[in-house]
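Chemist: There's a structure below that I have some questions on.
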Amino acid sequence: MKKIGMLLASVLIMGTALAGCGSDGNSNSGSAGSGSTGGSPAASGSAAKDDHSKKLSLTMMVSTAAGGGWTDDHPMVKYLNDKFNVDLKFQWVPGDSYNEKLNVLAASNDFPDVFQIWDASTYSKWMKKGVFLDLKPILSDYPNIVNNVTDEALAMMNPKDKVYGLPMYAPAFRSNLSIRQDWLDKLGLKTPETVDEFYQVAKAFTTEDPDGNGKQDTIGFSMSISTAGEIIGIDYLKGAFGLANAWKLEDGKLVPQQTQTEEWKALATYLRQAYADGVLDKDFAVNKERDPWNKLEGNTNGIAEVNPNEVYKQSLPVLQKLAPEADIVQLAPPAGPTGIRAANTITSTTKIVLNAKLSEEKQQRILEIIDYMFSDEGYLWSKNGIEGIHYEKNGDTYEKLDAFDSDRPQILSTWFIRRFDPSIQIRLWDEQEYADKVMAWFENTEPYRWTNPAAGLISETYSKSGIQLDQKFTAAIVKVITGSEPVESIDAASKAWLAGGGDKIIEETNALYAELN
Amino acid sequence: MPSSDIRGRLRRGLPLYALILPGALYFLLFRYLPMGGIAIAFQNYDPFEGFLHSPWVGLEHFRRLFGDSDFWLLLRNTLFLSMLNLFVFFPAPILLALLLNEARIRLFRRAVQTVTYLPHFLSWVVVVGISVLLFSTQDGAINEWLVSHGKERIGLLTDPAYFRPLYVLLNVWKESGWSAIIFLAALASVDPTLYEAAVMDGANRWKSMLHVSLPALRGVIVVLFILRLGQTMETGFEQVLLMQNTMNLDVSDVFDTYVYRNGILIGEYSYTTAVGLFKSAIGLVLIVAANTWAKRKGEEGVY
Amino acid sequence: MKRLSISDRLFVWIVYAILTISTLAVALPFLYVVMVSFSTKAEVLSRGFFLLPKTWSLDAYQYLFREKNFLLSFRNSLWITLVGTVVNIALTSMMAYGLSKPWIVGRRALNILVLFTMLFNGGIIPTYLVVNTFGLLNSYWAIWLTAAIAPFNLIVMRGFFQSFPPELEEASRIDGCSEFYLFRKIVLPLSTPAIATFTLFYLVQNWNTYFNALIYLNDSTKWPLQVFLRQMLIEAADSSMTLEIEGFEFGPPVKMATVVATALPLLLIYPFFQKHFNQGMMLGSVKG
């Protein structure tokens with residue numbers, strides 16, 4: 021055993037030495053943040069204009085969804101390399117492992133030149149560590165960015181007079197409520213205007229065999245529960261019953277949804293009935309986020325939140341193979357007991373950040389590339405690809421080429437950065453009529469905007485135990501919905517949420533809110 | 035032990051040490067060197083400060099874990115699932131290997147072996163995905179059958195009562211064929227004369243399976259069982275997470291999923307490491323106990 | 028061949044019955060995965076579980092084999108797996124053989140140290156820092172070396188070597204063979220079932236490499252097939268992490284085609300290994 025002890029001891033010594041290496045490189049970054057010398061760029065004007073004469077090697081890390089990224093010889097990469105005299109190295113990291121990759125890079129303090137921060141609490145923590153470049157002093161040199169990005173989005177989650185990251189735009193109403201018009205017609209029903217009418221329609225969809233196959237195999241509506249413990253897909257009902265989108269402002273103070281027990285009770289009672297009647301999908305607890313929509317496309321669900329961009333290109337073609345006369349139309353959020361109508365409203369909290377350790381040359385080159393993507397020309401390029409490769413111009417009309425589908429040139433605009441423009445997924449070759457139809461969905465929803473005033477504010481306690489608390493609270497609501505607990509149990513769940521850390525979350529979030537506003 | 039003997043054994047073992055050396059270096063450099071990182075369980079680890087400069091907090095993370103109102107629930111659920119693994123899942127591949135060994139039609143045997151080996155290569159996402167198709171309440175195949183036979187729907191995926199049986203069923207389905215390989219390899223090494231001798235003694239097939247094949251597996255079974263005990267606190271993170279939902283949380287929440295929500299998702303590595311350390315410590319105790327017991331029974335053990 | 032007794036016949040019947048039933052239970056869901064890859068999205072969404080598509084389609088595979096990332100990562104996986112497995116088997120069998128001799132000084136201590144790593148590990152960040160210190164980042168050696176020996180395989184393999192009769196060693200020593208010669212020319216050839224088993228284990232382990240590749244390789248053109256597969260399945264895995272990402276909906280057929288294409292190589296190599304651990308090793312002949 022002595023030998024083992026010796027071996028262990030020597031290993032531990034080596035281990036400590038190594039840990040030293042890990043932290044050595046980091047002390048620089050600390051000073052960069054506090055002294056604001058290394059990280060901050062020179063004030064605009066004083067810096068010499070970069071003339072692209074020197075080829076720069078740049079690394080960009082992008083979080084990806086289905087399909088992954090481009091290869092290094094992709095025409096879009098070549099285009100940027102030639103245009104800006106750079107050698108771009110992309111790291112396309114699968115979205116569900118992105119944060120882990122980021123944390124490992126943090127340990128060795130070896131970040132790429134440009135990358136994304138999806139998690140708001142990581143953004144605020146690392147901002148204070150001086151990891152990100154403050155763009156405020158130099159941003160004015162990039163008019164396309166300045167003119168397009170809203171001041172509100174630019175300032176969000178940043179301290180006053182600092183801009184540590186560019187906001188990644190998300191259309192506020194990406195998920196719009198929709199309904200099967202052909203089912204309504206078939207059963208002779210009117211478009212529902214209130215939650216009560218909504219219930220009647222949903223019930224008819226369940227019991228009156230709208231798909232005409234003689235079996236009771238359809239549902240009125242569905243929802244899902246996220247890993248973070250949130251009920252997703254019924255924001256229109258949450259809002260209608262008076263709940264806040266996570267937080268609401270009351271006399272200048274932020275109040276969380278979890279304390280709105282009366283509103284929750286009303287909603288839970290409604291859903292409890294729907295569950296018992298089979299109107300609400302019995303599998304809602306098992307659903308993934310897209311399942312309610314999948315079920316709409318699969319001809320079994322009558323009402324779901326959908327992305328208008330995909331309704332005409334994807335959902336309808338799939339659905340019409342199963343039910344040729346199928347039609348999906350927009351449904352205005354039903355009015356609640358007090359007349360409130362609310363729609364799922366997204367506030368993007370994703371930031372694109374530059375490494376604080378970048379040389380001035382690199383800073384400028386990267387911002388030029390991003391600025392290009394915000395320009396008219398660059399925006400067209402990032403959405404549609406390269407003329408002659410991904411599409412062709414024939415007189416006044418455009419035609420998509422096969423390479424567009426195999427190359428997927430648009431992913432930089434969908435996954436990385438893009439203009440503040442709801443029409444980001446509309447291509448040159450899309451017909452005007454189609455574009456108008458899609459844009460109409462967004463415009464129609466505008467009156468029902470349901471904003472979260474505390475978006476991006478993640479308190480210390482929330483990041484520590486918020487998910488656990490929310491999940492417990494939701495589990496209590498679900499027990500009411502499925503009928504295994506009485507409606508009154510929501511009072512206890514709310515108290516437990518507050519006692520378990522909710523009180524602190526409220527306090528801290530309000531402090532953060534006061535600090536940034 | 036006389037020292038000259040040790041010296042002799044050392045000299046004689048020299049070529050063997052040369053064989054061991056590369057592997058030993060591997061363990062030293064890539065397994066033991068990083069182990070210094072366990073220290074962060076006693077720190078508030080900050081990636082920008084490193085292991086040396088992060089503030090030390092002593093046992094705070096352990097106090098948080100043991101003080102969590104869910105601790106006993108997590109412990110109960112974790113142990114329940116590992117007991118199921120130990121007593122239901124663990125014997126399945128042994129049984130499969132023994133049966134395969136008795137199937138003498140070569141083509142049949144190969145086909146069975148290949149098919150049962152396949153599911154190992156499906157990720158849990160896919161396996162749980164298929165199970166949803168079969169077991170979901172609304173349009174799962176089983177419930178459709180129940181409804182068409184005039185019976186009530188069952189919430190196979192949502193009713194907490196079905197979570198544990200389903201968990202072990204999926205495990206058996208996915209991994210039995212794969213895990214049987216090691217037992218088949220052990221059975222292949224059995225001296226055929228032993229079977230002949232058994233027949234000579236008048237044993238039938240059942241008896242020779244019991245008295246020749248099974249004892250031949252004894253050594254492997256003991257080793258695997260002991261190692262398995264060391265993994266008692268591991269319940270297959272991905273599988274549990276994917277099978278978990280708000281309605282079965284009371285039985286499906288285990289340490290792995292708990293730490294996923296409270297550590298990994300939010301990059302809190304200190305707490306994650308502390309929980310991991312607690313799990314490993316339990317595994318260590320169980321392995322030592324099992325190994326001591328096995329040695330007392332005359333088995334080789336794992337060390 | 029001798030006629031079987033009644034009890035033996037019954038026994039054989041039961042064996043075949045159990046095996047047939049369990050094979051079907053495994054095969055049918057697997058068949059579903061294969062069939063989805065040959066079907067269309069509309070069918071998958073509307074039909075639930077099925078075993079034969081109504082409309083057959085090769086679109087998913089056509090898409091997959093046109094996809095540059097698929098071909099590239101497939102090639103990467105082959106390379107990672109081939110070299111990795113050679114490293115694994117070499118290091119593991121050498122160390123396992125060395126440790127299988129009961130008279131080796133320090134054996135117990137080494138065994139305990141190996142076992143200890145099955146329970147305790149430093150976690151990803153310290154390992155990453157070690158890899159970084161050795162300058163292995165962005166090189167396949169980071170993957171090959173960090174997973175060079177699986178303690179489990181080492182321990183079980185050691186057990187196989189221990190089951191060799193001591194006479195074998197004595198005999199060869201009298202013949203004047205060195206330990207190296209003994210290991211290479213006698214022990215290894217006689218251990219085919221064990222070597223085949225662990226080669227397969229390591230092949231599969233390397234083929235399934237996902238997280239290490241993602242963490243240690245920054246250049247995404249070096250990534251293996253599993254990363255590609257993950258990118259295909261990502262939406263199904265956990266939507267909350269990708270809440271903000273507008274992905275492309277490839278639909279179940281492409282996803283399952285990727286699953287099938289990823290598993291296929293491992294299915295194809297299986298018979299070659301199966302042969303070895305089915306034939307049995309004539310250990311007895313050595314004794315005689």
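Taken in order, these protein sequences are the chains called F, X and U. Position 383 of the first sequence, counted from 1, bears residue number 403 in our numbering, the numbering being contiguous throughout. Position 299 of the second sequence, counted from 1, bears residue number 333 in our numbering, the numbering being contiguous throughout. Position 13 of the third sequence, counted from 1, bears residue number 40 in our numbering, the numbering being contiguous throughout. Cβ atoms here follow ideal geometry from the backbone N, Cα and C, with glycine treated the same way. Note that the structure is predicted; figures quoted are calculated from it, not measured.
1. For Leu400/F, I'd like the list of residues in its chain whose CB is within less than 8 Å of its CB, leaving aside the five on either flank, ordered along the chain.
2. Specify whether the segment 213–221 of chain F and the segment 341–359 of chain F touch according to this definition: at least 3 beta carbon pairs, one from each stretch, less than 8 Å apart.
3. Would you verify that the beta carbon of Pro328/F is, or is not, closer than 8 Å to some beta carbon of chain U?
4. Considering His84/X, what are the terminal residues of the alpha helix (DSSP H) in which it resides?
5. List the residues of chain U that Tyr60/X touches, going by C-beta distances under 8 Å, in chain order.
6. For the beta strand (DSSP E) that contains Val326/F, what are its first and last residues?
7. DSSP state of Val81/F, grouped into three classes?
8. Which residue marks the beginning of the alpha helix (DSSP H) containing Arg194/F, and which one marks its end?
9. At which residues does the alpha helix (DSSP H) containing Gly186/U begin and terminate?
10. At which residues does the beta strand (DSSP E) containing Phe135/F begin and terminate?
11. What residues from the segment 141–157 of chain U come within 9 Å of chain X, judged by C-beta to C-beta, listed N to C?
12. So which residues of chain X does Glu206/U contact, with C-beta pairs closer than 7 Å?
13. Under 8 Å, with one C-beta from each stretch per pair, do the segment 89–101 of chain U and the segment 500–508 of chain F reach the 3-pair mark?
14. Given that Met122/U touches chain X, what residues does it touch there, using C-beta distances under 8 Å?
15. Which same chain residues, not among the five before or five after Leu293/U, have their C-beta less than 8 Å away from its C-beta?
16. Using the C-alpha atoms, what's the distance from Leu167/X back to Ser215/U?
17. Would you call the segment 171–185 of chain X and the segment 53–69 of chain U in contact, with 3 or more CB pairs under 8 Å?
18. With a threshold of 8 Å between beta carbons, is Gln258/U in contact with chain X?
19. What does Tyr90/U reach in chain X if we use C-beta pairs closer than 7 Å?
20. Give me, in chain order, the residues of the same chain whose beta-carbon lies closer than 7 Å to that of Thr236/U; leave out the 5 immediate sequence neighbours on both sides.
21. Could you give the DSSP three-state label for Ala44/U: helix, strand or coil?
22. Buried or exposed: which applies to Asn233/F, given that a residue is buried once 16 or more other Cβ atoms fall within 10 Å of its Cβ?
23. Mind reading off the beta-carbon distance from Tyr33/X to Trp212/X? Whole number of angstroms is fine, and I expect it under 8 Å.
24. On the DSSP bridge list, what partners appear for Asp107/F?
25. Name, please, each residue of chain X whose Cβ falls closer than 9 Å to the Cβ of Asn404/F.
26. Quick one: list the residues of chain U neighbouring Ala474/F, beta-carbon separation under 8 Å, in chain order.
27. Just checking: is the beta-carbon of Asn177/X within a distance shorter than 8 Å of some beta-carbon in chain U?
28. Work out the CA separation of Asp297/F and Thr502/F for me, nearest whole Å.
29. Residues of the segment 139–151 of chain X with a CB closer than 9 Å to any CB of chain U: list them in chain order, please.
30. Would you list, in chain order, the members of the segment 63–92 of chain U that have their beta-carbon closer than 7 Å to a beta-carbon of chain F?
31. Using CA atoms only, rank isn't needed, just tell me which of Ser84/U, Gly162/U, Tyr208/U and Asn115/U is closest to Ala223/U.
32. Who are the near neighbours of Tyr392/F in its chain, counting only those whose CB is closer than 6 Å to its CB and skipping five residues on each side?
33. Assuming Ala475/F and Phe152/F make a contact with CB atoms under 8 Å, what is their CB distance in whole Å?
34. What residue range is occupied by the uninterrupted alpha helix (DSSP H) comprising Phe241/F?
35. Which of the three DSSP states, helix, strand or coil, is assigned to Trp83/U?
36. Establish whether the CB of Glu136/X and some CB of chain U are separated by less than 8 Å.
Modeler: To lay it out plainly:
1. Leu448
2. yes
3. no
4. One point to set straight first is that residue 84/X is Gly, not His, in the sequence displayed. Residues Gly84 to His87.
5. Leu118, Leu172, Ala175 and Ile176
6. Asn321 to Val326
7. Per the sequence shown, the amino acid found at residue 81/F is Met instead of Val. In the structure shown, Met81/F sits in a strand (DSSP, three-state: E or B).
8. No alpha helix (DSSP H) contains Arg194/F, which DSSP labels as neither H nor E.
9. Pro178 to Gln189
10. Val134 to Ile137
11. Val141, Leu142, Phe143, Thr144, Met145, Leu146, Phe147, Asn148, Gly149, Gly150, Ile151, Ile152, Pro153, Thr154, Tyr155, Leu156 and Val157
12. Pro49 and Leu50
13. no
14. Leu53, Ile54, Pro56, Gly57 and Ala58
15. Leu230, Val231 and Trp234
16. With the sequence shown as reference, residue 215/U is identified as Leu, and Ser is not the correct amino acid for it. Taking the straight line from one Cα to the other gives about 47 Å.
17. no
18. no
19. The contacting residues do not exist; Tyr90/U stays about 18 Å from chain X at best.
20. Ile107, Ile170, Pro251 and Gln253
21. helix
22. exposed
23. An answer regarding residue 33/X cannot be provided, because it is not within the stretch 35 to 337 covered by chain X.
24. Ser77/F
25. In chain order: nothing, as chain X lies at least about 33 Å away.
26. Within 8 Å Cβ-Cβ: nothing; Ala474/F doesn't reach chain U, min ~17 Å.
27. no
28. 11 Å
29. Ile139, Arg140, Phe142, Arg143, Arg144, Ala145, Val146, Gln147, Thr148, Val149, Thr150 and Tyr151
30. Lys68, Ala69, Leu72 and Ser73
31. Asn115/U
32. Gly398
33. No, Ala475/F and Phe152/F are not in contact; Cβ-Cβ is about 19 Å, not under 8 Å.
34. It is not in any alpha helix (DSSP H) - Phe241/F instead sits in the beta strand (DSSP E) that spans Ile239 to Phe241.
35. coil
36. yes
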